[in-house]
Amino acid sequence: MRDNLVKSIKERSLTWRPLHYSIVDEIDSILIDEARTPLIISEASGEATDKYAYYSQIVRLLNPCSSKKKVSK
Numbered sequence: 135m136r137d138n139l140v141k142s143i144k145e146r147s148l149t150w151r152p153l154h155y156s157i158v159d160e161i162d163s164i165l166i167d168e169a170r171t172p173l174i175i176s177e178a179s180g181e182a183t184d185k186y187a188y189y190s191q192i193v194r195l196l197n198p199c200s201s202k203k204k205v206s207k
């Protein structure tokens, strides 16, 4: 991180190591606030809800089968 704060190349440290870590600030924002994203993606659209309401009305109009025979599928 200090290498990013220098004003000239000469001030940079002589050793360059690969990065194996990260610093995460505001972790609560990442874990809590961003956790809502999957819920937004998986939220049902209005169109699907309308279909359920439509078919629910049709089902209410149907009469139960009075026969004791097994209904084949």
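In this text, residue positions in the sequence shown follow this note's numbering: the first is 135, and each later residue adds one.
Glycine included, every Cβ here is placed at the ideal spot set by N, Cα and C.
Everything numeric in this text was worked out from a predicted model, so none of it was measured.
In this structure, DSSP gives residue 184 a helical state, which the three-state scheme calls helix. Our two residues, residue 194 and residue 163, have alpha carbons roughly 47 angstroms apart in a direct line. Between the alpha carbons of residue 144 and residue 157 lies a distance of about 26 angstroms.
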